[in-house]
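Colleague:
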């Protein structure tokens, strides 16, 4: 089946630890995105990438980092510098910037 | 960025058509209207999008007014599984075509 996978579904970490969220797609999409969703809120863009080895900051990139070494993978690292990391993280991909985005199932991160 | 306005909640009887309105009076000529829905604790699901003309796919129909200042998403025969939050989005041209999700409309389909 073609689609976007995110793992794990739930993730728990202690404050001060870095954590990496996985996002993989087998849709052969060029563009990939990371969004964050807080309870009762809409999605906010963290990072996006159009091609391998290239990515740009979104609206709330502080405290996060990404890499795009392979077309199908776009991992997100939540660093200890992120002040409020507890949230629902969503990865998306599209054929390109002007096409519809398809979302993965999300990872719910809880930091205590 | 163009702002959208949607009613916070709506009810619909199962088997009936659900008509979800959206206002986007500041939309620019080349900006598309997108609709997504999100079931609790899942990733948003793409439904449909359009620019000027009405659009239909296997999930829904999108009716855009001639002045493009508003649109309506139509689910022709709502089922209980259509209960979700529906987001009307005007996709921006910058930042990789990012999607700006507002509060959406919480649609409850009732038996």
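Chains as they are written, first to last, in the working numbering: chain A, 105 to 216; chain B, 18 to 128.
We put the CB at the ideal spot given by N, CA and C, even for glycine.
(1) For residue 63 of chain B, tell me which candidate among B/51, B/57, B/98 has the shortest Cα-Cα distance.
(2) Under 9 Å, do residue 179 of chain A and residue 125 of chain A count as touching if we go by C-beta distance?
(3) What separation, rounded to the nearest whole angstrom, lies between the Cα atoms of residue 189 of chain A and residue 31 of chain B?
(4) Unbroken beta strand (DSSP E) runs of length 3 or more, entirely within the region 18-71 of chain B: which are they?
(5) Give the DSSP bridge partners of residue 153 of chain A, in chain order.
(6) Please list the partners that residue 207 of chain A has in chain B, where partner means a Cβ-to-Cβ separation under 9 Å.
(7) Starting from the C-beta of residue 106 of chain B, find all residues in its chain whose C-beta is less than 8 Å away, skip the five residues before and the five after it, and write them out in chain order.
(8) Straight-line CA distance for residue 133 of chain A to residue 196 of chain A?
(9) I want to see whether chain B comes within less than 9 Å of residue 129 of chain A, judged by CB atoms only; does it?
(10) Please list, in chain order, all residues of the same chain as residue 141 of chain A whose beta carbon is under 7 Å from its beta carbon, the five residues on each side excluded.
(11) Below 8 Å, how does it come out for the region 87-105 of chain B and the region 24-42 of chain B: are there three or more Cβ pairs, yes or no?
(12) Determine, using beta carbons only, whether residue 163 of chain A comes closer than 9 Å to chain B.
(13) Look at the Cβ atom of residue 184 of chain A, then the Cβ atom of residue 120 of chain A, and state whether they are nearer than 9 Å.
(14) List the residues of chain B whose Cβ lies closer than 9 Å to the Cβ of residue 160 of chain A, in chain order.
(15) Let me check understanding here. Comparing Cα to Cα, which of B/127, B/128, B/33, B/41 lies closest to residue 83 of chain B?
(16) Buried or exposed: which applies to residue 159 of chain A, given that a residue is buried once 16 or more other Cβ atoms fall within 10 Å of its Cβ?
(17) According to DSSP, residue 123 of chain B sits in a beta bridge with which residue or residues?
(18) Could you confirm whether any beta carbon from chain A is found closer than 9 Å to the beta carbon of residue 66 of chain B?
(19) Between the C-alpha atoms of residue 115 of chain A and residue 80 of chain B, what's the straight-line distance to the nearest angstrom?
(20) For chain B, check one thing: does any of its Cβ atoms lie closer than 9 Å to the Cβ of residue 212 of chain A?
(21) Taking Cβ positions, are residue 60 of chain B and residue 154 of chain A nearer each other than 9 Å?
(22) Is residue 129 of chain A helix, strand or coil when you go by DSSP?
(23) Given residue 169 of chain A, which residues of its chain have a CB within under 6 Å of its CB, disregarding the five upstream and five downstream residues?
(24) Residues of chain A with CB closer than 8 Å to the CB of residue 119 of chain B, please, in chain order.
Modeller: So, to answer that:
(1) Nearest option by C-alpha distance: B/51.
(2) In this structure, residue 179 of chain A lies near residue 125 of chain A, with their beta-carbon atoms less than 9 Å apart.
(3) Going from the Cα of residue 189 of chain A to the Cα of residue 31 of chain B covers about 39 Å.
(4) The region 18-71 of chain B contains these whole beta strand (DSSP E) runs: 26-30, 35-40, 50-55, 62-67.
(5) Note: residue 153 of chain A sits in a beta bridge opposite A/136.
(6) When 9 Å is used as the limit between beta carbons, residue 207 of chain A is near these residues of chain B: 53, 55, 59, 60, 61, 62, 63, in chain order.
(7) Contacts found: 21, 50, 51, 52, 53, 116, 117, 118, 119.
(8) Taking the straight line joining both Cα atoms gives about 10 Å.
(9) Residue 129 of chain A does not count as touching chain B.
(10) Non-local beta-carbon contacts of residue 141 of chain A in its own chain, meaning distances under 7 Å to residues more than five positions away in sequence, involve 147, 191, 192, 194 in chain order.
(11) With the cut-off at 8 Å, the region 87-105 of chain B and the region 24-42 of chain B touch.
(12) For residue 163 of chain A, the nearest CB of chain B lies under 9 Å from its own CB, placing it at the interface with that chain.
(13) Yes, they are a contact pair.
(14) By Cβ distance, chain B contributes 112, 113.
(15) Answer by Cα proximity: B/41.
(16) Taking all protein chains shown into account, residue 159 of chain A has 16 or more neighbouring C-beta atoms within 10 Å of its C-beta and is therefore buried.
(17) Residue pairing by DSSP places residue 123 of chain B opposite B/26, B/102 in a beta bridge.
(18) So, interface residue.
(19) Going from the Cα of residue 115 of chain A to the Cα of residue 80 of chain B covers about 41 Å.
(20) Taking CB atoms only, residue 212 of chain A has a neighbour in chain B less than 9 Å away.
(21) Not a contact, by the Cβ cut-off of 9 Å.
(22) Assignment of residue 129 of chain A by DSSP, reduced to helix, strand and coil, places it in the strand class.
(23) Cβ neighbours of residue 169 of chain A within its own chain (closer than 6 Å, five residues either side excluded): 181.
(24) Listed along chain A, the residues sitting closer than 8 Å to residue 119 of chain B by beta-carbon distance are 146.
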